[in-house]
Amino acid sequence: MFDPQHDFVDPLLDWHERNGRHDLPWREPDRTPFEVLLAEILLQRTTAEAVAGAYRPFAARYPTPETVAAAPTEEIEALVAPLGLVKRAAYLRRCAQQILARPSGDVPREYPELVGLHGVGEYTARSVLIHVTGLGIAAVDTNVRRLLSRFFDVTPDRDRIAVLADALAPPTRSADFQHAMLDFAAEVCTAGSPACSSCPLRGPCASAEE
Ligand code: SF4
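In UniProt numbering, the protein residues as written are 1 to 210.
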């Protein structure tokens with residue numbers, strides 16, 4: 001009998017332990033909430049490969065909202081330019097200013113406040129909550145939506161997939177699960193040529209190709 005935990009979550013986490021991108025600098029433990037937010041904004045519509053080289057120098061130069069808010073926009077633009085989306089420089093400054101205007105002066109820990117920050121949408125807010133608070137939810141991007149839609153044979157409707165992803169997210173390992181879905185969708189269940197013949201989820205997958 002099909003069991004989402006046994007047939008999807010557990011093998012996905014096993015695959016990730018052996019094959020996941022454990023070298024990505026923003027996945028290192030002990031990052032501050034601001035460093036988490038910084039990484040998520042840099043990753044918007046940008047590949048992990050592109051951000052991997054830029055993240056460390058960026059986070060070293062702007063480790064706090066104070067340092068971002070104090071920097072000229074042009075200076076931040078020069079650092080984000082290689083990633084494209086130069087307008088993120090202005091987002092980041094306004095976002096840092098909003099954070100500093102909060103009583104705590106720190107990144108919010110609640111969803112409504114996070115999505116109120118400039119440049120922070122649903123995916124970014126959810127990912128920040130997963131990594132900062134360990135909340136047992138998921139963040140769904142195009143790749144995660146494709147993976148879940150294929151495996152569970154459901155229409156790739158944004159809201160429906162989001163509910164499914166939240167239900168699957170292990171309460172104590174939501175960050176691992178998030179990384180596993182992202183890496184697996186990027187490396188195995190790819191958009192153009194899913195590696196069904198060697199996929200560890202092939203047995204229970206509703207869309208496995210011959
Ligand atoms: S069997 Fe194919 S479609 Fe199913 S999860 Fe694996 S790669 Fe994706």
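Beta carbons are placed, not taken as given, at the ideal position from N, Cα and C, and that holds for glycine.
Pairing CB atoms from the segment 136-148 with CB atoms from the segment 178-189, are three or more of them under 8 angstroms?
-> yes
Heavy atom of the ligand SF4 less than 6 angstroms from the Cβ of A208, yes or no? Residue numbering aside, residue 208 sits at position 208 when the sequence shown is read from its first letter. Flag set: Cβ of A208 near the ligand SF4.
- Message: Check whether the segment 39-59 and the segment 124-137 are in contact - that is, three or more C-beta pairs closer than 8 angstroms.
- Response: yes
Item to check | Host alpha helix (DSSP H) of Q97 (start-end) | outcome: In the sequence shown, residue 97 corresponds to position 97, counting from 1. R88 to L100 is the extent of the alpha helix (DSSP H) around Q97.
Worksheet entry | Distance cut-off 6 angstroms: F34 Cβ against heavy atoms of the ligand SF4 | In the sequence shown, the residue the question calls residue 34 occupies position 34. No, Cβ of F34 sits at least 6 angstroms from all heavy atoms of the ligand SF4.
### Query
Residue range of the alpha helix (DSSP H) that V132 falls in?
By one-based count along the sequence shown, residue 132 stands at place 132. Start and end: E122 to T133.
State yes or no: is the C-beta of V188 nearer than 6 angstroms to some heavy atom of the ligand SF4? Position 188 of the sequence shown, counted from the start, is the residue given in the question as residue 188. Yes, since a heavy atom of the ligand SF4 falls inside the 6 angstroms radius drawn around the Cβ of V188.
Proximity test, F177 beta-carbon vs the ligand SF4 heavy atom, cut-off 6 angstroms
For this step, residue 177 is matched to residue 177 along the sequence shown. For the ligand SF4, not one heavy atom lies less than 6 angstroms from the Cβ of F177.
Check whether the segment 48-58 and the segment 17-27 touch, using three or more Cβ-Cβ pairs below 8 angstroms as the test. yes
Inset, instruction - Just mark R56 as buried or exposed, buried being the case when its beta carbon has 16 or more other beta carbons within 10 Å. - result: Stepping through the sequence shown from its first residue, residue 56 is reached at position 56. By the neighbour-count rule (16 or more Cβ atoms within 10 Å), R56 is not buried but exposed.
Original post:
Just the Cα atoms here: how many angstroms apart are F8 and G203?
Top reply: In the sequence shown, residue 8 corresponds to position 8, counting from 1. In the sequence shown, residue 203 corresponds to position 203, counting from 1. Each residue's alpha carbon lies about 10 angstroms from the other.
_In this structure, how does DSSP classify A167 when only helix, strand and coil are distinguished?_
In the sequence shown, the residue the question calls residue 167 occupies position 167. Of the three classes helix, strand and coil, the one that applies to A167 here is helix, per DSSP.
Exercise. Confirm, please, whether the CB-CB distance from A96 to T73 is below 7 angstroms.
Key: Within the sequence shown, residue 73 is the residue found at index 73, counting from 1. Within the sequence shown, residue 96 is the residue found at index 96, counting from 1. For T73 and A96, no; Cβs fall outside 7 angstroms.
Would you identify the three-state DSSP class for C189, choosing helix, strand or coil? For the purposes of this step, residue 189 is identified with residue 189 of the sequence shown, where counting begins at 1. The answer is coil: DSSP assigns C189 none of H, G, I, E or B.
Helix, strand or coil, according to DSSP, for H118 in the structure here? The residue you call residue 118 lines up with position 118 of the sequence shown. Correct three-state label for H118: coil.
When the distance is taken between beta carbons, is S174 closer than 7 angstroms to G136? Against the sequence shown, residue 136 aligns to sequence position 136. Against the sequence shown, residue 174 aligns to sequence position 174. Closer than 7 angstroms, so yes.
Q: Write down the C-beta distance between L92 and V68 rounded to the nearest angstrom, noting that I regard them as a contact closer than 8 angstroms.
A: Here residue 92 corresponds to residue number 92 of the sequence shown, with the count starting at 1. Here residue 68 corresponds to residue number 68 of the sequence shown, with the count starting at 1. Correct: roughly 5 angstroms between the Cβ atoms.
- Query: If you count every other CB in all the chains shown that lies within 10 Å of the CB of G119, and 16 or more means buried, which is it?
  - Reply: Working through the sequence shown from its first residue, we reach residue 119 at position 119. Flag for G119 reads buried.
Quiz prompt | Distance, H6 Cα to A206 Cα | solution = Position 206 of the sequence shown holds residue 206. Position 6 of the sequence shown holds residue 6. Rounded to whole angstroms, A206 to H6 spans 15 angstroms at the Cα level.
*asked:* Helix, strand or coil, according to DSSP, for F2 in the structure here?
replied: Mapped onto the sequence shown, residue 2 falls at position 2. F2 falls in the coil class under three-state DSSP.
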